[in-house]
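Let me begin by presenting the structure, written as structure tokens, before commenting on it.
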Amino acid sequence: MSLHIGVRPLALAYVACVFFDLAAAGIPQPERRSGYGLMSPETRAIQDDDTGNPGMLWVLDGEALWNRRAGAADRACSDCHGDARASMKGVAARYPAFDAARGRPVNLEQRINACRTGRQKAPPLPYESGDLLALTAYVGRQSRGLPIGIAIDERTRPFLEAGREIFFRRQGQLNLACAQCHDDNWGAKLAGSPITQAHPTGYPLYRLEWQSLGSLERRLRGCLTGIRAETYAYGAPELVDLELYLMWRARGMKMETPAVRP
Amino acid sequence: MARAVITMPAQAKRGEIIEIKTLAAHAMETGFRRTQTGELIPRDIIRRFTCAYNGVEVFRVDLHPAVAANPLIAFTTVATESGTLAFQWTGDNGYSVAETASIRVE
Numbered sequence: 007m008s009l010h011i012g013v014r015p016l017a018l019a020y021v022a023c024v025f026f027d028l029a030a031a032g033i034p035q036p037e038r039r040s041g042y043g044l045m046s047p048e049t050r051a052i053q054d055d056d057t058g059n060p061g062m063l064w065v066l067d068g069e070a071l072w073n074r075r076a077g078a079a080d081r082a083c084s085d086c087h088g089d090a091r092a093s094m095k096g097v098a099a100r101y102p103a104f105d106a107a108r109g110r111p112v113n114l115e116q117r118i119n120a121c122r123t124g125r126q127k128a129p130p131l132p133y134e135s136g137d138l139l140a141l142t143a144y145v146g147r148q149s150r151g152l153p154i155g156i157a158i159d160e161r162t163r164p165f166l167e168a169g170r171e172i173f174f175r176r177q178g179q180l181n182l183a184c185a186q187c188h189d190d191n192w193g194a195k196l197a198g199s200p201i202t203q204a205h206p207t208g209y210p211l212y213r214l215e216w217q218s219l220g221s222l223e224r225r226l227r228g229c230l231t232g233i234r235a236e237t238y239a240y241g242a243p244e245l246v247d248l249e250l251y252l253m254w255r256a257r258g259m260k261m262e263t264p265a266v267r268p
Numbered sequence: 358m359a360r361a362v363i364t365m366p367a368q369a370k371r372g373e374i375i376e377i378k379t380l381a382a383h384a385m386e387t388g389f390r391r392t393q394t395g396e397l398i399p400r401d402i403i404r405r406f407t408c409a410y411n412g413v414e415v416f417r418v419d420l421h422p423a424v425a426a427n428p429l430i431a432f433t434t435v436a437t438e439s440g441t442l443a444f445q446w447t448g449d450n451g452y453s454v455a456e457t458a459s460i461r462v463e
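Structural data, given as structure tokens:
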């Protein structure tokens, strides 16, 4: 028995080392930076000033929705979770997170909709709808400034590996992998804008190109269209796995929700 | 999502120049875009924004299709007396939002 107790931590440490080595093939830790650092001072100024950041319009809507009763159960988010400022602090920085009921990681949008259908007995909110964006923005806002901390354990590791595989897999008619732009060529220009390192620190975020707030999945689908690959549907396991990998890849970086990007 | 946010100081000294920031939630659909099937998406924009300081108009903007969604309008005025600033956005399809903010001038 004592032998087992002695060996286990060592074995785990070894596994962790191999795992981190694999990840180190990408951008070295000290060189990681948020897309914030690559955008123009003017765009940064929009994000820095909450009174001018249009993403705050969704956050304010989300606050109203948080306290509004919905569904057959006639309950509001606040009836269970109380004040989001306390209860949701740091939550968005941990998503996607493992959901025992589904047996796989779910993103924040899916988690909110699980609450809606399960607890509030209300219909799920459609992806990219104003209400779902508002709620995710409001929950995400409570984690601003906190480090991203994805929990990787035995249950989530296969999904992380699946996401990692998608990140490095060439796909689409342009035969490009995510890594070819975001690991190998970040900082170079693509259509006039710097290529970012793909650290999802500020989602849902206000994109000037969209003229609206949008989710990480919208961004990922946009990238897939850009490399002329077939997009995955919103909420598809592949997209959530990729989100999980990207958030893990950005671990320790500070949340900026709702961020502004060009 | 008819919402507008006003940011301005709650109090000021007489004669002080104060900055007022307004952010209105609006898609500002230009009227020049088409759907995937080629149909024109009708124009839906904010046409006019006004600010009245104790009933006197101190600032007015006419907006056009080139203005971005969720327009941020920031301007300054001189704090002359305590009272109310009334903000009014009007636009296509009966869009109308009114907000007020009070200021104490010493």
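Going line by line, the protein sequences match chains P and E.
No gaps in the numbering here: position 29 of the first sequence is 35 in my numbering, and each next residue is one more.
No gaps in the numbering here: position 90 of the second sequence is 447 in my numbering, and each next residue is one more.
Beta carbons: idealized from backbone N, C-alpha and C, even for Gly.
In chain order, what residues of the same chain lie with their CB nearer than 7 Å to the CB of residue i, ignoring the 5 residues before and after it?
i, result
"arginine 505 of chain E", "Outside the displayed span of chain E (358 to 463) sits residue 505 of chain E, for which this structure offers no information."
"serine 149 of chain P", "Lys95, Gly96, Val97, Ala98, Ala99, Met261, Thr263"
"leucine 116 of chain P", "Note on identity: in this sequence residue 116 of chain P is glutamine, with leucine being the wrong assignment. Once the five neighbours on either side are set aside, the close Cβ partners of glutamine 116 of chain P are Gly241."
"methionine 259 of chain P", "Arg38, Ser40, Pro153, Ile154, His205, Thr207"
"leucine 28 of chain P", "With a pLDDT of 48 at leucine 28 of chain P, under the threshold of 50, the modelled position of this residue cannot be trusted; read the value that follows with caution. Nothing meets the Cβ criterion."
"isoleucine 430 of chain E", "Thr379, Phe406, Val418"
"glycine 151 of chain P", "Lys260, Met261"
"tyrosine 251 of chain P", "Leu166, Gly169, Arg170, Phe173"
"alanine 143 of chain P", "Gly61, Trp64, Val65, Gly68, Pro210, Leu219, Thr263, Pro264"
"glutamate 438 of chain E", "Asn411, Val462"
Cβ of residue i less than 7 Å from any chain E Cβ?
i, result
"glycine 58 of chain P", "yes"
"leucine 63 of chain P", "yes"
"glutamine 53 of chain P", "no"
"glutamine 126 of chain P", "no"
"glutamine 116 of chain P", "no"
"glutamine 217 of chain P", "yes"
If we cut at 7 Å on Cβ distances, does residue i have a partner in chain P?
i, result
"arginine 360 of chain E", "yes"
"leucine 420 of chain E", "no"
"asparagine 427 of chain E", "yes"
"alanine 364 of chain E", "Checking the sequence shown, residue 364 of chain E turns out to be threonine, not alanine. Yes, contact with chain P."
"alanine 382 of chain E", "yes"
"lysine 370 of chain E", "no"
"glutamate 373 of chain E", "no"
Would you mind giving the Cβ-Cβ distance between residue i and residue j, rounded to the nearest angstrom? I have them listed as a contact below 8 Å.
i, j, result
"tyrosine 212 of chain P", "valine 266 of chain P", "5 Å"
"glutamine 203 of chain P", "arginine 39 of chain P", "6 Å"
"alanine 140 of chain P", "leucine 71 of chain P", "6 Å"
"cysteine 187 of chain P", "isoleucine 201 of chain P", "5 Å"
"valine 145 of chain P", "alanine 92 of chain P", "Wrong, their Cβ atoms sit about 12 Å apart, outside the cutoff."
"isoleucine 545 of chain E", "phenylalanine 432 of chain E", "Since the first and last residues shown for chain E are 358 and 463, residue 545 of chain E lies out of range."
"phenylalanine 444 of chain E", "isoleucine 363 of chain E", "6 Å"
"arginine 125 of chain P", "arginine 170 of chain P", "The pair is not a contact, with the Cβ atoms about 33 Å apart (cut-off 8 Å)."
"phenylalanine 104 of chain P", "arginine 161 of chain P", "5 Å"
Take the Cβ of residue i as the centre, count every other Cβ of all protein chains shown within 10 Å, and call the residue buried at 16 or more, exposed below.
i, result
"serine 453 of chain E", "exposed"
"proline 60 of chain P", "buried"
"proline 206 of chain P", "buried"
"glutamine 53 of chain P", "buried"
"serine 459 of chain E", "exposed"
"proline 164 of chain P", "exposed"
"alanine 30 of chain P", "Bear in mind that a pLDDT of 47 at alanine 30 of chain P, under 50, signals an unreliable position, so the number given afterwards is only what the model happens to contain. The residue in question, alanine 30 of chain P, is exposed, as its Cβ has fewer than 16 Cβ neighbours within 10 Å."
"leucine 66 of chain P", "buried"
"arginine 175 of chain P", "exposed"
"glycine 109 of chain P", "exposed"
"arginine 390 of chain E", "exposed"
"cysteine 86 of chain P", "exposed"
"threonine 231 of chain P", "exposed"
"arginine 461 of chain E", "exposed"
"arginine 371 of chain E", "exposed"
By Cβ distance, which residues of its chain are closer than 6 Å to residue i, with the 5 residues on each side in sequence left out?
i, result
"glutamate 249 of chain P", "Pro102, Asn113, Leu222"
"lysine 195 of chain P", "none"
"alanine 455 of chain E", "Gln445"
"leucine 44 of chain P", "Pro200, Thr202"
I'd like the list of long-range same chain contacts for residue i, defined as Cβ closer than 8 Å, with 5 residues on each side in sequence excluded.
i, result
"arginine 257 of chain P", "Pro153, Ile154, Gly155, Ile156"
"glycine 32 of chain P", "Ala185, Asp189, Arg255"
"arginine 227 of chain P", "Thr237, Tyr238, Tyr240, Leu245"
"alanine 79 of chain P", "Arg125, Gln126, Lys127, Ala128"
"arginine 234 of chain P", "Gly178, Gln179, Leu180"
"methionine 365 of chain E", "Ile375, Glu376, Ile377, Lys378, Leu442, Ala458, Ile460"
Pick out the complete alpha helix (DSSP H) segments inside the segment 95-157 of chain P, 4 residues or longer, and give them in chain order.
-> 114-124, 136-147
Report the residue ranges of all beta strand (DSSP E) runs contained in full by the segment 175-258 of chain P; include only those spanning at least 3 residues, in chain order.
-> 211-213, 218-220
Would you mind listing the alpha helix (DSSP H) stretches within the segment 381-459 of chain E that are 4+ residues and don't spill past its ends, in chain order?
-> none
Give, in chain order, every unbroken run of the alpha helix (DSSP H) that is at least 4 residues long and sits entirely within the segment 25-96 of chain P.
-> 47-54, 61-72, 83-87, 90-93
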